[in-house]
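Positions 1 to 930 (the UniProt record's numbering) are the ones given, in order, by the sequence shown.
We treat Cβ as the ideally placed atom computed from N, Cα and C, and that holds for glycine.
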Amino acid sequence: MALMEEVSAEEVKVAAFSMHPDKSPGPDGLNPAFFQTYWGVVGEDVVRFCQKFMTMGELPEGMNNTLVRLIPKVKTPEKMTELRPISLCNVLLRILSKVLTNRLKPCLGSLISNKQSAFMEGRLLTDNALIAFEINHYMKRKTQGKNGIAGLKIDISKAYDRLEWHFIESMMRRFGFCEMWINRLMGYISSVEYSFLHEGNVFGSVKPHRGVRQGDPISPYVFILCAEGLSAIIRRNEEAGLLHGCKIARGAPTISHLLFADDCYLFFRATGSEASVMKNILIRYESISGQSINYSKSAIIFSPNTSAENREEVCNYLGVEEVQEPGKYLGMPMRIGHSKISAFGFLQDRVQHRLQGYGDKSLSKAGKLTVLKTAVQAIPNFWMSLFLIPSEVCNGIERKMNAFWWCNKTSGNGIRWISWDKLCLSKEGGGLGFKSLRKFNLAMLAKQGWRIVNNINPLVTNLLRARYFPNSDFLNAKLGNNPSYIWRSIMEAQDVIKQGCRKRIGDGRSTEVWKTPWLPCKLNGFLTTPMPEELSETLVYNLMEEDGTRWDYDLIRDICNVRDRNLIQQIPIPVRQREDSWFWLLEVKGEFSVRSCYRQLQGEMDFPNAAFWKKLWSLNLPGKIINFLWRTCRLCLPTAAALATKNVDLSINCPWCRSCVEDSIHILFTCNFAQDVWKSVGLWEVISRNLNPDIFETMQKIFSVSHKNQRVLVGLFCWSLWNRRNRWVWDRVNTSVFGVKAAALNLFNDWKKAQEEVKVTGIQKMLGDRRWCKPPAGWLKVNIDAAWVSQQNTTSMGCVIRDEAGEFVRARCSEMQPCVEPKMAEALSLKEALAWIKDWRSAQVIFETDSKLLVDALTGSRGKSFFDTIVNDCVELLKHFTDALVVFAYRSANSVAHALAKAAHSMSGPQEWINIASEIIECIIADEKF
Numbered sequence: 001m002a003l004m005e006e007v008s009a010e011e012v013k014v015a016a017f018s019m020h021p022d023k024s025p026g027p028d029g030l031n032p033a034f035f036q037t038y039w040g041v042v043g044e045d046v047v048r049f050c051q052k053f054m055t056m057g058e059l060p061e062g063m064n065n066t067l068v069r070l071i072p073k074v075k076t077p078e079k080m081t082e083l084r085p086i087s088l089c090n091v092l093l094r095i096l097s098k099v100l101t102n103r104l105k106p107c108l109g110s111l112i113s114n115k116q117s118a119f120m121e122g123r124l125l126t127d128n129a130l131i132a133f134e135i136n137h138y139m140k141r142k143t144q145g146k147n148g149i150a151g152l153k154i155d156i157s158k159a160y161d162r163l164e165w166h167f168i169e170s171m172m173r174r175f176g177f178c179e180m181w182i183n184r185l186m187g188y189i190s191s192v193e194y195s196f197l198h199e200g201n202v203f204g205s206v207k208p209h210r211g212v213r214q215g216d217p218i219s220p221y222v223f224i225l226c227a228e229g230l231s232a233i234i235r236r237n238e239e240a241g242l243l244h245g246c247k248i249a250r251g252a253p254t255i256s257h258l259l260f261a262d263d264c265y266l267f268f269r270a271t272g273s274e275a276s277v278m279k280n281i282l283i284r285y286e287s288i289s290g291q292s293i294n295y296s297k298s299a300i301i302f303s304p305n306t307s308a309e310n311r312e313e314v315c316n317y318l319g320v321e322e323v324q325e326p327g328k329y330l331g332m333p334m335r336i337g338h339s340k341i342s343a344f345g346f347l348q349d350r351v352q353h354r355l356q357g358y359g360d361k362s363l364s365k366a367g368k369l370t371v372l373k374t375a376v377q378a379i380p381n382f383w384m385s386l387f388l389i390p391s392e393v394c395n396g397i398e399r400k401m402n403a404f405w406w407c408n409k410t411s412g413n414g415i416r417w418i419s420w421d422k423l424c425l426s427k428e429g430g431g432l433g434f435k436s437l438r439k440f441n442l443a444m445l446a447k448q449g450w451r452i453v454n455n456i457n458p459l460v461t462n463l464l465r466a467r468y469f470p471n472s473d474f475l476n477a478k479l480g481n482n483p484s485y486i487w488r489s490i491m492e493a494q495d496v497i498k499q500g501c502r503k504r505i506g507d508g509r510s511t512e513v514w515k516t517p518w519l520p521c522k523l524n525g526f527l528t529t530p531m532p533e534e535l536s537e538t539l540v541y542n543l544m545e546e547d548g549t550r551w552d553y554d555l556i557r558d559i560c561n562v563r564d565r566n567l568i569q570q571i572p573i574p575v576r577q578r579e580d581s582w583f584w585l586l587e588v589k590g591e592f593s594v595r596s597c598y599r600q601l602q603g604e605m606d607f608p609n610a611a612f613w614k615k616l617w618s619l620n621l622p623g624k625i626i627n628f629l630w631r632t633c634r635l636c637l638p639t640a641a642a643l644a645t646k647n648v649d650l651s652i653n654c655p656w657c658r659s660c661v662e663d664s665i666h667i668l669f670t671c672n673f674a675q676d677v678w679k680s681v682g683l684w685e686v687i688s689r690n691l692n693p694d695i696f697e698t699m700q701k702i703f704s705v706s707h708k709n710q711r712v713l714v715g716l717f718c719w720s721l722w723n724r725r726n727r728w729v730w731d732r733v734n735t736s737v738f739g740v741k742a743a744a745l746n747l748f749n750d751w752k753k754a755q756e757e758v759k760v761t762g763i764q765k766m767l768g769d770r771r772w773c774k775p776p777a778g779w780l781k782v783n784i785d786a787a788w789v790s791q792q793n794t795t796s797m798g799c800v801i802r803d804e805a806g807e808f809v810r811a812r813c814s815e816m817q818p819c820v821e822p823k824m825a826e827a828l829s830l831k832e833a834l835a836w837i838k839d840w841r842s843a844q845v846i847f848e849t850d851s852k853l854l855v856d857a858l859t860g861s862r863g864k865s866f867f868d869t870i871v872n873d874c875v876e877l878l879k880h881f882t883d884a885l886v887v888f889a890y891r892s893a894n895s896v897a898h899a900l901a902k903a904a905h906s907m908s909g910p911q912e913w914i915n916i917a918s919e920i921i922e923c924i925i926a927d928e929k930f
């Protein structure tokens with residue numbers, strides 16, 4: 001009955017704001033952006049509309065009217081089948097549909113079989129493609145045996161449009177949905193009325209008796225519920241022994257069908273009897289669901305050991321044609337030949353075609369950056385998720401992108417000022433954030449490996465385990481005998497996964513001490529202590545004390561070297577015993593991300609000049625100006641001196657003063673004209689103190705000593721000076737100091753106006769957020785903080801308790817176990833405080849910490865990292881309190897706790913305590929007078 005609970009305002013708001021603002025409007029002429037922008041005005045009415053429907057099951061007259069726009073599939077359509085109908089319904093109805101969808105989605109995991117992977121959380125399109133590829137690879141190798149295998153791809157015509165309403169209703173009853181929910185959903189589906197939009201005019205009115213709308217948020221989920229009917233019929237025939245799927249290895253699951261929405265791939269023994277059974281299954285499914293299978297567009301492939309007689313018999317029964325190659329399934333090729341370059345060469349052609357479409361347009365560097373990142377770089381991503389694209393293809397694509405980036409608007413050619421590898425560095429590292437395709441390919445393949453390690457899709461994992469690593473795990477798997485190209489591709493990322501994955505220790509009973517990466521070190525997660533032969537099978541729980549709540553430090557000291565000993569001591573053991581699990585060390589929540597994996601491959605964790613580049617890219621200026629500043633700092637500005645180094649024949653003197661070499665420093669700062677401009681706006685003093693022959697050093701120093709407005713002005717005036725230089729060089733247009741100043745200041749005023757619109761008003765409100773406040777009556781407030789000294793590998797915590805009057809109750813400071821990062825220290829300090837206070841039986845307590853990350857982790861979803869182990873312990877400890885809150889507080893409101901935390905590092909004598917007490921008193925005074 002959770003499906004029929006009262007609709008909440010937050011639920012409706014989430015549905016409304018999850019829609020793309022610029023989706024096409026329906027009959028009411030409004031798009032989602034209208035509702036999102038004016039939610040404060042219309043929100044209550046939208047919520048009431050959704051609540052009324054769930055309560056009464058009625059829609060206002062005309063609310064479910066839908067406009068149908070016919071989009072041609074071909075250049076000159078002549079048949080209705082060559083037109084694609086797109087449904088445009090009212091946004092209010094789409095919000096209601098989103099609410100229904102968000103309620104239905106959590107139920108589907110337990111209802112839909114693992115043979116379907118469409119629209120299911122945790123399942124990907126690539127899962128089915130991977131399974132289908134492995135089966136086709138097995139079929140290609142199956143040259144012996146009496147039973148051949150047939151793979152049938154069927155084409156379902158107008159799958160959404162033909163779905164019978166009575167079938168939808170009966171399927172939901174079979175699944176056990178309550179009558180109220182069924183009535184609401186069927187009322188929503190069956191009240192639709194279509195009109196047709198052509199050249200801006202609306203024609204006709206059609207009331208359908210079957211089908212679900214294309215583009216409706218709930219339609220895909222209704223469809224996969226109904227497709228489960230086909231899956232159920234196939235399973236029943238399998239259980240009766242009438243149908244046999246394909247089993248690619250001993251111990252592998254048998255696969256008889258793969259469904260992804262209306263894309264169906266069926267596998268069975270290539271005999272007349274099983275073909276007859278499959279034909280009857282399809283006929284029955286058509287009759288009860290309303291679906292229509294287009295056998296002329298369907299195709300079948302056989303394993304080589306299938307006799308000619310069986311092939312002919314199966315094709316005759318099913319009415320389909322045999323093909324020699326399986327072609328594509330879900331857009332992925334099902335077989336890859338010996339020449340990988342030929343197989344993936346089409347990607348270069350697609351990139352070239354896309355770039356040619358922008359070749360005749362006058363794009364700025366900022367425009368080219370957007371085109372390359374969004375429209376071009378994403379082209380090979382789909383194939384990279386399963387296949388290792390040959391280096392030659394990746395290099396070819398990158399050459400085309402590089403040529404497009406540097407090409408000149410007039411000649412079509414251009415100077416390559418920086419190598420592509422440097423352009424592929426992140427913006428924090430001085431690059432532009434283009435993807436190094438080979439490394440990005442490996443990062444995407446690592447995602448498939450990570451899913452296998454964590455058994456995210458058991459069907460995929462069990463299939464690959466049975467075929468390639470039946471007696472080990474993925475991290476220790478070998479390439480194996482005659483592997484498929486997909487397996488070869490995933491294995492290329494095995495070492496990448498080993499570097500980033502770690503075992504989170506729970507009870508320690510499934511983790512081998514020397515054979516598993518479980519230490520919290522980014523460079524090497526394995527023990528470096530030599531492994532004694534007699535301890536080769538030792539598990540981590542053997543390094544714990546008998547109760548499993550703490551490490552056996554004496555044993556660890558005897559066995560491990562200093563490095564391993566220190567790392568082990570940093571690993572928290574959970575309060576409640578849990579099984580060991582894998583987590584991704586490079587993400588805060590421990591969940592794998594392609595982004596962090598790619599950054600690891602690029603070596604982009606720390607950059608020496610990251611602070612400067614962050615300041616530059618964070619300037620809220622037009623992209624063309626920021627890109628100009630980047631080119632200036634990267635020595636890519638085509639000044640006369642720079643062009644001369646590229647063998648361009650021209651005068652290298654400044655076009656203004658004619659006496660100095662024109663380089664970036666001169667044209668932007670040291671030329672007499674440039675100095676006059678800077679003096680006229682009062683910035684010359686700041687610039688002159690930081691001038692350096694190196695333009696990058698100069699910009700870096702200027703940005704480090706100036707505030708945000710000054711940095712913006714520097715960028716705008718540099719841009720105006722460069723524009724002035726170009727107008728003189730190319731058009732002989734001379735601009736005065738006043739003209740350059742006016743152009744830059746106009747841009748600055750526009751920028752300042754935009755900043756004012758988002759500026760937070762009210763300094764008192766800001767200060768109020770940072771001031772320590774007394775807790776409500778009957779509550780205690782506990783301020784907690786941690787001190788972390790990386791050089792000494794020590795951590796400590798401090799907490800102070802005050803009552804509703806703000807009076808001091810009790811305080812504590814102590815050293816804690818070593819930890820790797822500040823966030824771990826903050827979590828440990830909260831855990832220590834909770835463990836200390838929980839026995840007081842205090843009814844109502846507010847805990848304040850200056851770690852927003854910790855507060856978000858406690859109130860939101862948690863991951864699998866060591867940090868989350870401590871957070872889970874804090875959640876368990878909070879259950880000891882009748883009423884407890886953990887909230888974020890600024891450091892200024894947490895000053896006493898911070899002083900106490902620092903105190904734990906210096907408790908060697910009376911003088912240190914006097915100093916600490918003085919500091920704490922000062923913090924208390926600051927709390928009261930802030």
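- Rounded to whole angstroms, the separation of the alpha carbons of Ile497 and Phe607 is 23 Å.
- With distances taken between CA atoms, Gly211 lies nearest to Phe223 out of Phe223, Asn201, Gly200, Val202.
- The beta carbon of Ser861 lies closer than 8 Å to those of Lys589 in the same chain, with the five residues before and after it left out.
- Counting along the chain, the unbroken alpha helix (DSSP H) around Val712 starts and ends at 708-731.
- Non-local C-beta neighbours of Ala897 in its own chain, meaning closer than 6 Å and more than five positions away in sequence, comprise Asn783, Ile784, Asp785, Gly798, Cys799, Val800, ordered along the chain.
- Distances from the alpha-carbon of Ile573 to those of Asn524, Leu519, Pro532 put Leu519 closest.
- Taken in chain order, the complete alpha helix (DSSP H) segments of 4 residues or longer contained in the stretch 586-674 are 594-602, 610-618, 623-633, 640-645.
- Straight-line measurement puts the Cα of Leu854 at about 20 Å from the Cα of Arg771.
- Looking only at Lys75, Val91, Gly29, the smallest Cα-Cα distance to Ser18 is reached by Val91.
- Residue environment: Arg502 is assigned as buried (16 or more neighbouring CB atoms within 10 Å of its CB, all protein chains considered).
- Between Leu828 and Phe847 a beta carbon distance of about 14 Å is seen, past the 8 Å cut, so the two are scored as non-contacting.
- Fewer than three beta-carbon pairs drawn from the stretch 81-97 and the stretch 228-242 are found closer than 8 Å, and the two stretches are therefore not classed as touching.
- Taking 3 residues as the shortest admissible run, the stretch 159-228 contains the following complete beta strand (DSSP E) segments, listed from N- to C-terminal end: 193-198, 201-206.
- Distances from the alpha-carbon of Asn734 to those of Thr795, Ser706, Ser664, Pro655 put Pro655 closest.
- In terms of Cα proximity to Leu745, the closest of Gly682, Ile652, Pro693 is Gly682.
- Within the same chain, Ala493, Val496, Ile497, Cys597 come within 6 Å of Ala446 by CB-CB distance, once the 5 residues on both sides are set aside.
- Cα atoms of Phe867 and Asn561: separation of roughly 25 Å, rounded to the nearest angstrom.
- Per DSSP, reduced to three states, the secondary structure at Pro85 is strand.
- Contact check for Val314 against Ala275 passes: the beta carbons are separated by less than 9 Å.
- Secondary structure note for Phe260: its beta strand (DSSP E) is the uninterrupted segment 257-260.
- Bridge partners of Leu67 according to DSSP: Leu88, Ser195.
- Secondary structure of Tyr553 (DSSP, three-state): helix.
- Membership of Asn280 in any beta strand (DSSP E) is not indicated; the residue belongs instead to the alpha helix (DSSP H) covering 272-289.
- Cβ atoms of Arg354 and Ser391 stay farther apart than 8 Å, at about 21 Å.
- Taking the C-beta atoms as reference points, Gly251 is found no nearer than 9 Å to Arg451.
- Here Thr670 is buried, its C-beta having at least 16 other C-beta atoms within 10 Å.
- Looking from the CA of Glu321, the closest CA among Tyr295, Ser256, Lys146 belongs to Tyr295.
- Assignment of beta-bridge partners to Ala150 by DSSP yields Phe268, Phe302.
- Taking a C-beta distance under 9 Å as the contact criterion, Arg634 and Trp417 qualify as a contact pair.
- A distance below 7 Å between beta-carbons, with the five flanking residues on each side excluded, links Asp552 to the following residues of its chain, in chain order: Leu543, Met544, Glu545.
- Rounded to the nearest angstrom, the Cβ distance from Cys407 to Gly414 is 5 Å, consistent with a contact under 8 Å.
- The alpha-carbon of Asp161 is positioned some 20 Å away from that of Lys98.
- Your pair Ile300 and Gly148 does not check out as a contact, with CB atoms roughly 11 Å apart and the cut at 8 Å.
- Straight through space, the alpha carbons of Tyr890 and Gln844 are spaced by roughly 22 Å.
- Ser24 carries a coil assignment under DSSP once its states are collapsed to helix, strand and coil.
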